[in-house]
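>
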Amino acid sequence: MTSSLVQSVDWLTIAPPTLTAAVALAVLVADLFVPQERKQLLGWTAIGGLTAALALLVPLRAGDRETFCLTADTSVTACSYTADEFTLVIQLLVLGGALLTALLSLADTREKLPAGEYWFLLLSSAAGAALLPASRDLATLVVALEVASLPAFALVGLRRGDRMSGEAALKFFLSSVTATAVTLLGVSFVYAATGTLHLTEIAQRLDDVPGQLQTLAEAGVALTLVGFAFKTAAVPFHFWVPDTYVGAPLPVAAYLSVVGKAVGFTGLILVTVVAFPSYADVWGPALAVLAAVTMTAGNVAALRQVSTRAWSAVRLLAWSSVAQAGYLLVPIAAAAYSGDDQVGATVAYALMYAVVNLGAFAVVTLVARTHPGNRLADYRGLYAASPAAALALGFFLLNLAGLPPGIIGLFAKVTVFSAAVDAGLGWLAVIMGVNVVIGLYYYLRWTALLFRTPEGAPVRHRAPAPVTLAIALTAAVGVVLSGYPQFALRFAATALF
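In terms of our numbering, the sequence shown opens at residue -3 and continues consecutively.
#1: Identify, in the order they occur along the chain, each residue of the same chain with its Cβ nearer than 7 Å to the Cβ of residue 6, setting aside the five sequence neighbours on each side.
#2: Run through DSSP, which three-state label would residue 193 get?
#3: Since residue 168 and residue 115 are thought to touch, with beta carbons under 8 Å apart, how far apart are those beta carbons, to the nearest angstrom?
#4: Whose CA, out of 392, 423 and 468, lies closest to the CA of residue 436?
#5: Give me the Cβ distance between residue 463 and residue 358, rounded to the nearest whole Å; I'm assuming they're in contact under 8 Å.
#6: Need the endpoints of the alpha helix (DSSP H) that residue 111 sits in, please.
#7: Evaluate the contact criterion for the segment 325 to 345 versus the segment 260 to 269: three or more CB pairs, one atom per stretch, below 8 Å.
#8: Residues in its own chain within less than 6 Å of residue 147 by CB, not counting five upstream and five downstream?
#9: From residue 311 to residue 242, what does the alpha carbon distance come to, in whole angstroms?
#10: From the DSSP output, read off the bridge partner residues of residue 131.
#11: In the DSSP assignment, find the alpha helix (DSSP H) that holds residue 273 and state where it starts and stops.
#12: Is residue 40 buried or exposed, if buried means 16 or more other CB atoms sit within 10 Å of its CB?
#13: Around the Cβ of residue 50, are there at least 16 other Cβ atoms within 10 angstroms (buried) or fewer (exposed)?
#14: To the nearest angstrom, report how far apart residue 209 and residue 133 are at their CA atoms.
#15: Rounding to the nearest angstrom, what Cα-Cα distance links residue 419 and residue 284 in this structure?
#16: Identify the residues that DSSP records as bridge partners of residue 61: which are they?
#17: What first and last residue would you give for the alpha helix (DSSP H) that runs through residue 320?
#18: Reducing DSSP to helix, strand and coil, say where residue 283 ends up.
#19: What would DSSP say about residue 28, mapped onto helix, strand or coil?
#20: I need the straight-line Cα distance from residue 291 to residue 176, nearest angstrom please.
#21: Tell me the DSSP bridge mates of residue 66?
#22: Give the single residue among 27, 47, 422 and 256 whose Cα lies nearest to the Cα of residue 172.
#23: Whole angstroms is fine: what's the gap from residue 305's alpha carbon to residue 458's?
#24: Helix, strand or coil for residue 382, going by three-state DSSP, please let me know.
#25: Might you give, ordered along the chain, the residues of its own chain that have their beta carbon closer than 6 Å to the beta carbon of residue 201, omitting 5 neighbours on each side?
#26: Please state the DSSP three-state secondary structure of residue 467.
#27: Using 7 Å as the threshold, is the C-beta distance between residue 345 and residue 97 below it?
#28: Determine the burial state of residue 203: buried for a count of at least 16 other Cβ atoms within 10 Å of its Cβ, exposed for fewer.
#29: Quick one: what's got a C-beta closer than 7 Å to residue 228's C-beta in the same chain, skipping five residues either side?
#30: For the alpha helix (DSSP H) that contains residue 214, what are its first and last residues?
#31: Is DSSP giving residue 300 helix, strand or coil here?
#32: Extract the residue ranges of the alpha helix (DSSP H) inside the segment 366 to 430, only unbroken runs of 4 or more that lie entirely within it.
#33: Would you report the Cα separation of residue 367 and residue 374, rounded to the nearest angstrom?
#34: For residue 435, which of helix, strand or coil comes out of DSSP?
#35: Kindly give me the distance between the Cβ atoms of residue 157 and residue 186, rounded to whole angstroms, as I take these residues to be in contact under 8 Å.
#36: Around the Cβ of residue 279, are there at least 16 other Cβ atoms within 10 angstroms (buried) or fewer (exposed)?
Next comes the structure, spelled out in C-alpha cells:
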C-alpha cells in the first residue's frame, strides 16, 4: 500500500484556531465599511470571536482527536494536527489570554490605536498561538510560530509617531527574525538527517542516524533549541524584553508576557520531549543551566529597579517575566532525567502565571490612565484611592512571589521545585530557592507601597468597564485556583504525551 496523499480534515478538531483566523479576516474587511464613531463594534466582534473559539474547546475535551494524517506503508499514522490534552490546555491558556488582552485594549483602540489593524493583528497572532500546541510536524510548528510572532511585531510598533514604540518594535523584530533563521537552519539539518518532518517519526529515526549524518543531526538539534530559547526570552537571548514591554502599548506587553511566552515554551516542549528524546543527555543539562542563569538574571535585574524611574513598574514586570521563564524551564530540563511526565509542572505553572500576570498588567493599565509615567512610586497609597484595585494587585503580586493568600502561586512553585528534586537536580532546586527569596523582596516592596499613606490627596483612578471586567475575571480565577489548586496542578501529575 502506498502513502495516501488525500488527507481527511476533521473541521471540529481545527475549529478553535480556524474560527479565530476567520474572525480576524472579517474584522479587517469590516473596518473598511464601519464609520469611525462605531469602531468599537470591531473590538466587541473580536471578543465575541475569541469567546466562541474558547467554547469550541468543550466538545474536544476528551483529547483524542487528530487530523491531517498520512498513512505510510508501515501502517503507522503520522498526523500534523493533534488535539490531545496538552493541546487543549495550551489553547485554553492562549485564547483566554488573548480574550483578556482584548478587554484591556478596548479603551486604547478607541483613543490611541487604529482599531481595524489592531484587532486583525491581535486575532491573527492568537490564531497562530492556538495552532502551535497542536502542531506535530516541524513545518506546521514553524509556520504557527511565525503566524503568532509576525503580527506581534506590528502590534508593538502600532503607536504611530512614538519613537519608543518604533524602537521597541525594531528590537523585537530583529531578535525574533534571528531566532527564526536559526530555528529554520536547525530544522533543515534535522530533516536532512532523518528524512521526515513529523515529530514522532523524527524521534524514531534519530535513534538510528547513519554515522556520516550524526554531526548534522546534533547540529540541527542544537540550533533548533537555540532558536526556541530566543522565543522564550531565556538568558542570554532576553535583551529585547524590557525595552519592548516599555515601548509597546500596555495590553500588547501583557499579551507578550503570557501568550508570547506560552508559544515559545510550547514549541520548546514539543521539540525536546516529543522529537528529540534520544538527545536528552544534550538538551537536559543545557536547559538546566539556562533555567538557572535566566531566573537569576531576571530576579537581580528586577531587584535593581528604582521606584522613581519612569516606567519602572513595567520594567519590573518585564524582568519578572524573565525570571518566571527560568522557573518554567526547570520541569522541561527535569524531563530529560526522569521522564516526560515532569512537563506537566510547566503547564501547571504556566496556567498560574498567565492568570496573575495578566491581572497585574490589568491594574497597571488602570493606573497608567492617570500616571502615564508608570513609576513604582505612583502606586504609593493606591489602596486609599482604589481599594479594590490595590487588593487585586496585592493578590497578584503575592501569587507571583509564591506567598499566601496566593495559594496557587505557592503550590505551582512547590510543584516546579519538586520536579527538580525528583530529577536529581538538587543544585538547580537550591538556585531556585535562592531566587524565590530574591523575588520575595521586590514583590513585597511593591505590595507594601500599595498600602502606605499617599503623598498628598489620593488620585482616583477612572476604570473603564472592560478593564474592570479584566481585573475582576483574573482575580476571580486566581481565587478559585487558590481554593481549588487541583484544577491546575493535576496537569503536573499527568503524562501529557
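Even for Gly, the Cβ is constructed at its ideal location relative to N, Cα and C.
Per the coordinate set shown:
#1: 61 and 63
#2: coil
#3: About 20 Å separates the two Cβ atoms, so there is no contact after all.
#4: 392
#5: 6 Å
#6: 111 to 127
#7: yes
#8: 117, 120 and 121
#9: 7 Å
#10: 77
#11: Where residue 273 is concerned, there is no enclosing alpha helix (DSSP H), given that its DSSP letter is neither H nor E.
#12: exposed
#13: buried
#14: 21 Å
#15: 11 Å
#16: 79
#17: 308 to 334
#18: helix
#19: coil
#20: 24 Å
#21: 74
#22: 256
#23: 24 Å
#24: coil
#25: 190
#26: helix
#27: no
#28: exposed
#29: 257, 260, 261, 264 and 321
#30: 210 to 227
#31: coil
#32: 378 to 381, 383 to 397 and 403 to 418
#33: 7 Å
#34: helix
#35: Not quite, the Cβ-Cβ distance comes to about 44 Å (not below 8 Å), so this is no contact.
#36: buried
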